Amino acid sequence: MLATVVFLAFWVVVGLGLFFLAVRGGPRGVRATLQSQKPGARTFAVIAFTVFYVAVGIAVPALFIFGDRDSADAHINGTTIELTKQEEEGRALFGTGCANCHTLAAAEAVGKVGPNLDVLKPPQELTYDAIVRGRQRGGGTMPAGIYSGAEAEAVAAFVGATAGR
Ligand code: HEC
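Numbering of the sequence shown is given in full-length UniProt numbering, commencing with residue 1 and proceeding in unit increments.
Set out below in structure tokens:
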């Protein structure tokens, strides 16, 4: 949102500059103005450059600092997977509740107790079931009910969308 505003503001400044250029009779007119020794022209040049550099100097860092962070995407081996709000929430929950035991690149998880989810690629429903009911088949134990309800659904959605990708 803010990034858009700054972006627009930048082009408004550029647009006004071009407009001014046109009014002054094109580049040659501006050059004549800038190079003339008249104090007024000097002052104009100083103000114009100051305004321009301050605008750019504020706009560019602002873009980086306040940039649009609404879409927190998962970056895996150079590919980007867009996450929904729910999946984003699931990623945070995965970090606290699952990452200790499971490997999942999208969550930067490297746990080794349970199966590697990037290899297993469990569908959303299976993951939900595993979270709610737990697992115990001899390959170790996954406790039941680490998450329930909406939280379990969010984690399952996140795993379903990212495992193995
Ligand atoms: C204490 C370690 C531990 C934690 C924490 C844990 N798991 Fe597991 N998980 C396991 C183990 C061990 C298995 C394999 C169990 C088996 O095969 O008997 C497993 C199996 C699974 C499976 C495969 C189920 C199947 O039927 O094949 C999925 C999916 C899974 N876990 C997802 C999760 C998610 C999501 C979380 C976080 C909510 C989580 N696990 C937290 C240890 C853990």
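Beta carbons are placed, not taken as given, at the ideal position from N, Cα and C, and that holds for glycine. Just so we're clear, the structure is a prediction, and the values are computed from it rather than from any experiment.
In this structure, the ligand HEC has a non-hydrogen atom nearer than 7 Å to the beta-carbon of Ala130.
Counting the other Cβ atoms within 10 Å of the Cβ of Val12 gives fewer than 16, which makes it exposed. Contact between Phe94 and Val155 holds: CB atoms are separated by about 5 Å, below the 8 Å threshold. Cβ atoms of Ala163 and Lys121 come within 8 Å of each other, at about 5 Å. For Leu83, the Cβ stays outside the 7 Å cut-off from all heavy atoms of the ligand HEC. The beta carbon of Thr127 sits closer than 7 Å to at least one heavy atom of the ligand HEC.
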